[in-house]
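For reference, the structure discussed in these notes is given below.
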Amino acid sequence: MGTRIFAQSIYTEVHPTWSEEGYRAINDGIRAVYAKVLRPDTVVDFHFVPRSTWMTSHAYLEMINNVEIVKGVIEAAESGDYDVAFIRCGNDPGVREARESVTIPVVATSESGMLLACQLGARFACLGVDDKS
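Under our numbering, think of the first position of the sequence shown as 805, with each following residue one higher.
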């Protein structure tokens, strides 16, 4: 049996500012990328938070989101169904808190990419969506 990944979004299943069709297309596009790079026996289950502030570039709003993110990761770990949890956000919110709370590995988008970049070259750059990011 392959690896089963709990992919935790920072957003709810329906995004308030995007059309349902557009938001679904984004998530379908992400799934298509995963399918290209993961082993055929790897399963990625997308999970969404029940409520979200939609922000990770403001400390207070991120903290509110982190509660829901970590709850999701804890539930995934306690279910025994997952080998790893993956936080699907470039700001890596709630990763440290989730790691302290569960025994399964918790990985994050930017941290993983930056660690790989450090192995590949002497320098790399990051682009953010706003000044705080």
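All residues carry an ideal CB built from backbone N, CA and C; glycine is no exception.
Keep in mind the model is a prediction, meaning the values are calculated, not measured.
- Counting only the Cα atoms, T860 lies some 16 Å from P820.
- Inter-residue distance for F928 and C922 is about 8 Å (C-alpha atoms, whole angstroms).
- Non-local beta-carbon contacts of E824 in its own chain, meaning distances under 8 Å to residues more than five positions away in sequence, involve V818 in chain order.
- Secondary structure note for S813: its beta strand (DSSP E) is the uninterrupted segment 808-813.
- Per DSSP, R892 is not a residue of any alpha helix (DSSP H); the beta strand (DSSP E) it occupies stretches across 888-892.
- Between F852 and T807, the gap from beta carbon to beta carbon reaches 8 Å or more.
- Comparing C-alpha distances from R903 to each of G833, I878, L924, S813 shows the shortest one belongs to I878.
- It is roughly 10 Å from the alpha-carbon of D896 to the alpha-carbon of E866.
- By the C-beta density criterion, I891 is buried, having at least 16 other C-beta atoms within 10 angstroms.
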